[in-house]
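K.L.:
Residue numbers (the numbering used here): 1346 to 1491. We put the CB at the ideal spot given by N, CA and C, even for glycine. Mind looking over this structure? Questions follow.
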């Protein structure tokens, strides 16, 4: 499980975080570049089911699994006679909590980037409609009467 988690952090969470931060930069060219990258990743879909959607679903189920594990094993504070046993128990609990939060952040970031890409594309289509409307009204200008 640890190797899957490190793979997910390095190959999913970090690039999605970078994409999200690129969307947050208030420079139009950078956010447009982020939207194009997201469109490239989201271009491969199977009946509307995209890679970002799959990662969000997988990470949400993994979060649920880690939450249930944390709740079943570490719900009550246990006392041990030996301090080393207490430290081992606390380390295991903290590891499960860390994994749980990583999964939650990955899910939220995937959904946020997906939503930012949709909003950016919708805004670009509205601007394209406005420019097309302004061009059509400019083309049908009133002819001069002589």
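Alpha carbon to alpha carbon, how far is residue 1470 from residue 1482? Give it in angstroms, no decimals.
P.N.:
18 angstroms
K.L.:
Roughly how many angstroms lie between the CA atoms of residue 1423 and residue 1437, to the nearest whole one?
P.N.:
13 angstroms
K.L.:
What does the alpha-carbon distance come out to for the pair residue 1491 and residue 1473?
P.N.:
Model confidence at residue 1491 stands at a pLDDT of 48, short of 50, so the residue's coordinates are unreliable and nothing is read from them.
K.L.:
Please report how far the alpha carbon of residue 1449 lies from the alpha carbon of residue 1442, in whole angstroms.
P.N.:
Put simply, the backbone Cα of residue 1449 is about 11 angstroms away from that of residue 1442.
K.L.:
Is it the case that the Cβ atoms of residue 1452 and residue 1401 are separated by a distance below 9 angstroms?
P.N.:
The Cβ atoms of residue 1452 and residue 1401 sit closer than 9 angstroms to each other.
K.L.:
So what's residue 1406 in DSSP terms, helix, strand or just coil?
P.N.:
helix
K.L.:
Counting only runs of 4+ residues fully inside the segment 1385-1442, write out the alpha helix (DSSP H) ranges in chain order.
P.N.:
1396-1419
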